[in-house]
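Peer 1: Residue numbers for the sequence shown follow the working numbering, beginning at 1 and rising by one. Where is the CB? At the ideal position from N, CA and C, for every residue including glycine. Computed from a predicted structure; not experimentally measured. What follows is a structure written as structure tokens; I'll ask about it next.
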Amino acid sequence: MIVYCLMILLNAPVAPTLSLDPQQQFYRIGDSVRLLCSIPSSADYVREVQYYADFGLAISIPVSNVRNYSYELNITEQEVSGSYSCAYFVTLSNRPIRSGRSHWINVNMKSHKISWIREIIVGGSFFTINGLIFFFSHRLMKRREAGTRGEERRGEERRGEERRGEEKEEKRREEKRREEKREEKRREEKRREEKRREEKRREEKRREKRRISVEGDLQ
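Spelled out as structure tokens, the structure:
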């Protein structure tokens, strides 16, 4: 037995190389990834490939002298997330001898919680941005409406001032016309008074002539 163990140690095949296809930082439930176990060309009479997981999974797959073997891992639950490795068996003196294990490679799952948080953040950001756009658009629209109403109010005030100015000017013109009429009436009264005085003077002159004429006849 000791001799057999020493022979296994001395003649153990070179470890394979494990890679992922496709290579991603994170995988989601529903994804598929191939675990590609590449066996060195120096290995002969490969009869079995094994895959290992750090959470206790071990899968043995009988093969016939292959160089590469891929195992398709269907990601259906969170528990498949972990580190994976592979090895292969060859036949030596009619006994199976396992190679060294490949390096461990990680298959990382994106947490539902992180996904939900991201969706919430993205969704919240979407509504926040839209809310801000609506808020500023609403404020801008209100400001424009206020500016428009202010312009309309100022325009109405200007028109009102113009109307009041025109009314005042019309009142001044009307008062001026009335004053002119009163002045004309006073002038007319003055002319009439002068005419009456002139008539009175003439009448007095006529009377004076008649008196003188009568006195002359009496003499």
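Report the three-state DSSP secondary structure of G21 (helix, strand or coil).
Peer 2: According to the sequence as given, residue 21 is Asp; it is not Gly. Reduced to three states, the DSSP call for D21 is strand.
Peer 1: Pair every Cβ in the stretch 70–77 with every Cβ in the stretch 92–104, then say whether three or more of these pairs are closer than 8 Å.
Peer 2: No, they do not touch.
Peer 1: What three-state label does DSSP hand T91 in the structure shown?
Peer 2: If DSSP states are grouped into helix, strand and coil, T91 belongs with the strands.
Peer 1: Taking all protein chains shown into account, decide if I97 is buried (16 or more other Cβ within 10 angstroms of its Cβ) or exposed.
Peer 2: Counting Cβ neighbours within 10 Å, I97 comes out buried, since at least 16 surround it.
Peer 1: Quick check on I133: does DSSP put it in helix, strand or coil?
Peer 2: Here I133 sits in helix by DSSP.
Peer 1: Tell me which same chain residues have a C-beta within less than 8 Å of the C-beta of N68, skipping the five on either side of it?
Peer 2: Correct list, in chain order: L36, C37, S38, I39.
Peer 1: Using the beta-carbon count (16 or more within 10 Å), is L18 buried or exposed?
Peer 2: The residue is buried, with at least 16 neighbouring Cβ atoms inside 10 Å.
Peer 1: Output needed for G82: all residues of its chain with C-beta closer than 7 Å, excluding positions within five of it in sequence on either side, in chain order.
Peer 2: Excluding residues within five positions, the ones whose Cβ falls inside 7 Å are A53, D54, F55, V107.
Peer 1: Entirely within the stretch 46–114 and at least 3 residues each: give me those beta strand (DSSP E) ranges in chain order.
Peer 2: Taking only runs of at least 3 residues, the beta strand (DSSP E) segments lying wholly in the stretch 46–114 are 46–53, 58–62, 68–74, 82–92, 95–98, 105–107.
Peer 1: Report the residue from D44, C86, V90, R28 whose alpha carbon sits nearest the alpha carbon of V80.
Peer 2: It is R28 whose Cα lies nearest to the Cα of V80.
Peer 1: Which stretch, first to last residue, makes up the beta strand (DSSP E) that contains V14?
Peer 2: Where V14 is concerned, there is no enclosing beta strand (DSSP E), given that its DSSP letter is neither H nor E.
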